[in-house]
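Structure first, commentary second.
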Amino acid sequence: MEKFVIKGNTRLKGEVTISGAKNAAVAILPATLLIKGVCRIDNLPNISDVRIFCEILEELGAKIDWIKENSIKIDTTNIDCTSVPIEMTSKFRASYYLLGALLGRCGSAEVGIPGGCNLGARPIDQHIKGFEALGAKVDVGQGKISAKCKNLKGTSIYMDIVSVGATINIILASVLADGTTTIDNAAKEPHIVDVANFLNSMGADIRGAGTDVIKINGVKELNTSGTYSVVPDQIEAGTFMLAAVASRGDIIIKNCIPEHLDCVTAKILEIGGNVEDLGDSIRVWSNKRPQKATIKTLPYPGFPTDLQPQMGVVLSIADGTSIINESIWESRFQYTNELNKMGATITAQGKTAVFEGVKSLSGSPVYATDLRAGAALIMAGIIASGETHVYNIEYIDRGYEQIEQKFRNLGANIERVSEE
Ligand code: EPU
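Under the numbering used here, read the sequence shown as residues 340 to 759, first letter to last.
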């Protein structure tokens, strides 16, 4: 087991380069199962969720060659659809994409009930509703989900809830289905557009990704020999933007798409920070205490739940009382107990947390309760006085590539050490 040891009181300054998006990568990898041949994926974040996904694909028969640190060649010519390792799939959330992808490729799929960060109840009824509408028979029981259909048929599906995972999963299942599938009330996150762009670049016919109506015209097969580069990670970029404000620093965040971060930019300006759009990078700086704010997390283009804990760190030291309303995950305020150990004054109840801003935080042992909470605690350690030890960092390694190196390049004093 490892932990981060952070000596605080640092103003972050310098440049950081953003990696490929985790939540696009963990959908594009299973999407390769729809191709019978070889493709190359660049800008793949080298994080533990991606490495586990590659191992699962290899168990299924894919041949994966890491050509460079962030590029793979993947050959999915020979896939044995029956050999999904159940214990591996139940370790993380995105394994649910194997259902859509294998249903599309082989007409049947069986995976362990997806695990992942503990953010409260994480139902997948909308995924199941979509597969059933396409003609599949879905069974859930004994820790597994199985879906079967020899001949998926395009249809219209209205999503009761805006769901990133269900939208992508239905796209995966319908790319090779007969006829046209329409998804109404689809999620619009940049990674949905990226998965659709990847599949279209391989010969799929998906229209409207990025809007709330997506049409998928089924095609007979996908091309092989394509190359695709994963979109930059909007959440990683947002994490460094908020770290610049929290630390009263000055950071140029390179390899990002500023439009994907408009809602974060708007909030940073509102609380007194500065943001400059430099095309494919963003400069964020601040030299004063942030002002209070009210935040409500929403599906894209609203303020992302995956940046809520990082914004929580900023508001914990803001001038005045701030409120965050979390509308996506019921247990995403667990990090507030950890921030309170560092001197914050946050009261969280149900979907709402009230932040009575304090002037500064002080170092403490703290425990990451999920991936984004972990990133937030690193930020808190960097701005706090004294020393902070962040435990449970395996959560952070799931989704941030070389996070300590990136913060160190910005001046942070952070070390990864083995726990005694
Ligand atoms: N929901 C249902 N039924 C479903 C699906 C979702 O009720 O069938 C509900 C969920 O309980 C939640 C809301 O709908 O309240 C949205 O869930 P969504 O399906 O959009 O989330 P997800 O696909 O499970 C992805 C990201 C999460 C991110 C959310 C929201 C991946 C692998 N995960 O999860 O990322 O928080 O979208 O944007 O893409 C993270 O990266 O730290 C992370 C947790």
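We put the beta carbon where it would ideally sit given N, CA and C, even for glycine.
Proximity to residue i [Cα-Cα], best of the options
i, options, result
"Lys745", "Leu511, Ile391 and Ala576", "Ala576"
"Asp551", "Leu561, Asn524 and Asp478", "Asn524"
"Tyr739", "Asn613, Asp404 and Gln573", "Gln573"
"Pro424", "Val623, Gly347, Glu394 and Gly443", "Glu394"
"Thr684", "Arg671, Glu669 and Ile662", "Ile662"
"Gly547", "Asn676, Thr521 and Ser568", "Thr521"
"Lys489", "Thr415, Leu654 and Lys476", "Lys476"
"Gly696", "Tyr706, Tyr730 and Met650", "Met650"
"Asp388", "Phe470, Asp404 and Phe431", "Phe431"
"Arg737", "Arg747, Gly750 and Thr708", "Thr708"
"Leu646", "His599, Asp619 and Lys680", "His599"
"Leu678", "Val653, Lys690, Ile553 and Val756", "Val653"
N- and C-terminal bounds of the alpha helix (DSSP H) containing residue i
i, result
"Cys393", "Ser387 to Glu398"
"His530", "Pro529 to Ser540"
"Ile742", "Ile742 to Asn748"
"Glu677", "Tyr674 to Lys680"
"Tyr734", "Glu733 to Asp736"
"Thr708", "That residue, Thr708, is in no alpha helix (DSSP H); it is neither H nor E in DSSP."
"Asp589", "Note, Asp589: premise wrong, no alpha helix (DSSP H); beta strand (DSSP E) at Asp589 to Lys593."
Inter-residue Cα distance where the pair is residue i and residue j
i, j, result
"Gly518", "Ser434", "26 Å"
"Glu528", "Ile507", "10 Å"
"Ser666", "Asn417", "42 Å"
"Pro384", "Glu408", "9 Å"
"Asp419", "Trp668", "35 Å"
"Arg622", "Asp589", "7 Å"
"Glu743", "Ile753", "6 Å"
"Thr727", "Asn613", "28 Å"
"Leu581", "Ile607", "8 Å"
Identified DSSP bridge partners for residue i
i, result
"Ala448", "Ala486"
"Thr765", "This structure does not reach residue 765, given that the chain is present from 340 up to 759, and the question cannot be answered."
"Val614", "Val623"
"Pro571", "Gly359"
"Thr691", "Asn664 and Gln688"
Terminal residues of the beta strand (DSSP E) in which residue i lies
i, result
"Val377", "Val377 to Asp381"
"His466", "Here His466 belongs to no beta strand (DSSP E); instead the alpha helix (DSSP H) covers Asp464 to Ala472."
"Asn752", "Asn752 to Ser757"
"Ile634", "Thr633 to Lys635"
"Asp478", "Lys476 to Gly480"
Distance CB(residue i)-CB(residue j) smaller than 9 Å
i, j, result
"Ile796", "Leu515", "Lying before the first or after the last residue shown, residue 796 is absent from the chain, which here runs from 340 to 759."
"Ser699", "Ile656", "yes"
"Ile380", "Ser358", "no"
"Ala535", "Val503", "no"
"Ala719", "Tyr734", "no"
"Met498", "Glu758", "no"
"Pro643", "Thr636", "yes"
"Ala512", "Gly469", "yes"
"Lys375", "Thr563", "yes"
"Glu449", "Thr421", "yes"
"Ile591", "Glu354", "yes"
Min CB distance residue i to chain B below 9 Å
i, result
"Gly689", "Reference to chain B is not applicable here, since this structure consists of a single protein chain."
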